[in-house]
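Input: a single structure, listed below in structure tokens.
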Amino acid sequence: MGNTLGLAPMGAFPRRSPRREEPLPNPGSFDELHRLCKDVFPAQMEGVKLVVNKVLSSHFQVAHTVHMSALGLPGYHLHAVYAGDCQLSPSEVFPTVVGDMDSSGSLNAQVLLLLAERLRAKAVFQTQQAKFLTWQFDGEYRGDDYTATLTLGNPDLIGESVIMVAHFLQSLTHRLVLGGELVYHRRPGEEGAILTLAGKYSAVHWEATLNVGSGGAHASYYHRANEQVQVGVEFEANTRLQDTTFSFGYHLTLPQANMVFRGLVDSNWCVGAVLEKKMPPLPVTLALGAFLNHWRNRFHCGFSITVG
Numbered sequence: 001m002g003n004t005l006g007l008a009p010m011g012a013f014p015r016r017s018p019r020r021e022e023p024l025p026n027p028g029s030f031d032e033l034h035r036l037c038k039d040v041f042p043a044q045m046e047g048v049k050l051v052v053n054k055v056l057s058s059h060f061q062v063a064h065t066v067h068m069s070a071l072g073l074p075g076y077h078l079h080a081v082y083a084g085d086c087q088l089s090p091s092e093v094f095p096t097v098v099g100d101m102d103s104s105g106s107l108n109a110q111v112l113l114l115l116a117e118r119l120r121a122k123a124v125f126q127t128q129q130a131k132f133l134t135w136q137f138d139g140e141y142r143g144d145d146y147t148a149t150l151t152l153g154n155p156d157l158i159g160e161s162v163i164m165v166a167h168f169l170q171s172l173t174h175r176l177v178l179g180g181e182l183v184y185h186r187r188p189g190e191e192g193a194i195l196t197l198a199g200k201y202s203a204v205h206w207e208a209t210l211n212v213g214s215g216g217a218h219a220s221y222y223h224r225a226n227e228q229v230q231v232g233v234e235f236e237a238n239t240r241l242q243d244t245t246f247s248f249g250y251h252l253t254l255p256q257a258n259m260v261f262r263g264l265v266d267s268n269w270c271v272g273a274v275l276e277k278k279m280p281p282l283p284v285t286l287a288l289g290a291f292l293n294h295w296r297n298r299f300h301c302g303f304s305i306t307v308g
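Right under this line is the structure:
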């Protein structure tokens, strides 16, 4: 009896398509490794500040700031921003020119350019009245899953002095990023380099980051409990200054009350908090902050009004 079941052709069986793995994301900039944790902590406030923001066009806006403090003379700042047409993300617009000048004539300026699809450039200048204090040039290349940055600070060919910083970050998985930083400085009679290794692990609701090298260590942990509560823990150790600091910060959002509350406690016996309150339908934001250093017996408080 012949075999009634013939062999089916190879094309009759469905083939299992190979699993396509999603490409690894770009790790971002080295300077933003601890950004989520640092945004939880409140900014230092002292004195009374009035900020008036004015949008002149879709590309140009200015801000006027008047600050009165018991620790120094009253000051005025003019802040101007020009943003171009090339927007890669909500926080990245090219070209961008930022300038800030105070009443004494000191200037802080930044210029951000997109030289190519993956190549970014930045120049930073800082003057004190008529003297240059800092000039810095950055070049950053963002690949599919890595970022490489080279920074030159205060280059002086005549005086043979320069500060060079190289950063590299690589995404090993969708959650793990590893990299390093190399800082090289040279001036007459002195030369040295510092190497720092860095790593970041990101989960759905938390993120842990660690920088460790010969100059010290910097670790941070960020956790989003829910839509209203965020907490951050930061540890910094400096081998040169023989100083270690541990800080805990929290961020509380009350959307129904249009309020944001930030607070901190650190190992130097410092406690501080800042309360921000928006006043709709008026374009006004009020902020009240207080900081107390128990160890040095110092207390600072501040109040600010932002219009626009």
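Using UniProt numbering, you'd call the opening residue of the sequence shown number 1 and step up by one each time.
Glycine included, every Cβ here is placed at the ideal spot set by N, Cα and C.
Because the structure is a prediction, the values reported are computed rather than measured.
C-beta atoms of residue i and residue j nearer than 8 Å
{"i": "Gly308", "j": "Lys38", "result": "no"}
{"i": "Phe248", "j": "Val233", "result": "yes"}
{"i": "Gly302", "j": "Glu46", "result": "yes"}
{"i": "Ser304", "j": "Val51", "result": "yes"}
{"i": "Leu252", "j": "Val271", "result": "no"}
{"i": "Gln242", "j": "Pro27", "result": "no"}
{"i": "Tyr222", "j": "Val93", "result": "no"}
{"i": "residue 335", "j": "Asn211", "result": "The question about residue 335 has no answer here: the residues shown for the chain are numbered 1 through 308."}
{"i": "Pro95", "j": "Leu113", "result": "yes"}
{"i": "Gly109", "j": "Gly99", "result": "Inspection of the sequence shows that residue 109 is occupied by Ala rather than by Gly. Contact flag set, yes."}
Reduced DSSP category for residue i - H, G, I as helix; E, B as strand; rest coil
{"i": "Glu32", "result": "helix"}
{"i": "residue 313", "result": "Nothing in the structure corresponds to residue 313, since the chain is present only between 1 and 308."}
Given residue i as reference, the closest of the options once Cα atoms are compared
{"i": "Ala130", "options": "Asp138, Met101 and Asp145", "result": "Met101"}
{"i": "Leu107", "options": "Val124, Val229, Thr96 and Pro280", "result": "Val124"}
{"i": "Leu195", "options": "Cys86, Ser202 and Val165", "result": "Val165"}
{"i": "Gln256", "options": "Leu241, Glu227 and Val274", "result": "Glu227"}
{"i": "Ala287", "options": "Trp269, Arg298 and Ala273", "result": "Ala273"}
{"i": "Arg240", "options": "Val183, Leu88 and Gly216", "result": "Gly216"}
{"i": "Thr149", "options": "Val183, Ser104 and His223", "result": "Val183"}
{"i": "Val97", "options": "Ser103, Val62, Gly105 and Lys200", "result": "Val62"}
{"i": "Thr127", "options": "Leu264, Ser103 and Asn297", "result": "Ser103"}
{"i": "Gln136", "options": "Gly143, Ala121, Arg142 and Thr147", "result": "Ala121"}
{"i": "Ser202", "options": "Ser220, Arg187 and Gly213", "result": "Ser220"}
{"i": "Pro74", "options": "Pro95, Ser91 and Lys49", "result": "Lys49"}
{"i": "Val111", "options": "Asp138, Ser91 and Pro90", "result": "Asp138"}
{"i": "Ala237", "options": "Leu275, His64 and Ser267", "result": "Ser267"}
{"i": "Leu36", "options": "Glu160, Val231, Thr244 and Glu276", "result": "Val231"}
{"i": "Gln44", "options": "Arg262, Thr285, Thr306 and Lys277", "result": "Arg262"}
{"i": "Glu117", "options": "Ser69, Gly99 and Cys86", "result": "Cys86"}
{"i": "Ser214", "options": "Glu181, Lys200 and Phe235", "result": "Glu181"}
{"i": "Asn258", "options": "Thr244, Leu115, Glu276 and Lys200", "result": "Glu276"}
{"i": "Gly105", "options": "Leu115, Leu119 and Tyr76", "result": "Tyr76"}
Distance, residue j Cα to residue i Cα
{"i": "Phe30", "j": "Pro42", "result": "22 Å"}
{"i": "His185", "j": "Leu24", "result": "34 Å"}
{"i": "Asp145", "j": "Gly289", "result": "41 Å"}
{"i": "Thr209", "j": "Glu32", "result": "11 Å"}
{"i": "Ala80", "j": "Phe60", "result": "7 Å"}
{"i": "Glu207", "j": "Met279", "result": "33 Å"}
{"i": "Ile158", "j": "Gly179", "result": "33 Å"}
{"i": "Ser58", "j": "Leu282", "result": "21 Å"}
{"i": "Trp295", "j": "Trp269", "result": "6 Å"}
{"i": "Val204", "j": "Leu88", "result": "24 Å"}
{"i": "residue 312", "j": "Thr151", "result": "Coverage of the chain is limited to positions 1 through 308, which leaves residue 312 absent and any answer about it impossible."}
{"i": "Leu292", "j": "His300", "result": "6 Å"}
{"i": "Arg298", "j": "Asp156", "result": "41 Å"}
{"i": "Leu133", "j": "Thr147", "result": "29 Å"}
{"i": "His34", "j": "Leu71", "result": "30 Å"}
{"i": "Thr306", "j": "Thr285", "result": "5 Å"}
{"i": "Arg187", "j": "Gly153", "result": "12 Å"}
{"i": "Tyr250", "j": "Val265", "result": "9 Å"}
{"i": "Val162", "j": "Leu254", "result": "48 Å"}
{"i": "Thr244", "j": "Lys200", "result": "21 Å"}
{"i": "Ser69", "j": "Leu56", "result": "30 Å"}
{"i": "Glu160", "j": "His167", "result": "23 Å"}
Residue i CB to nearest heavy atom of the ligand HEM below 7 Å
{"i": "Pro23", "result": "Absence of the ligand HEM is noted for the structure shown, with no ligands found whatsoever."}
- request: Determine contact between the region 186-194 and the region 168-177, defined as no fewer than three beta-carbon pairs at a distance below 8 Å.
  value: For the pair of segments examined, the region 186-194 was found not to touch the region 168-177: the number of CB pairs separated by less than 8 Å stays below three.
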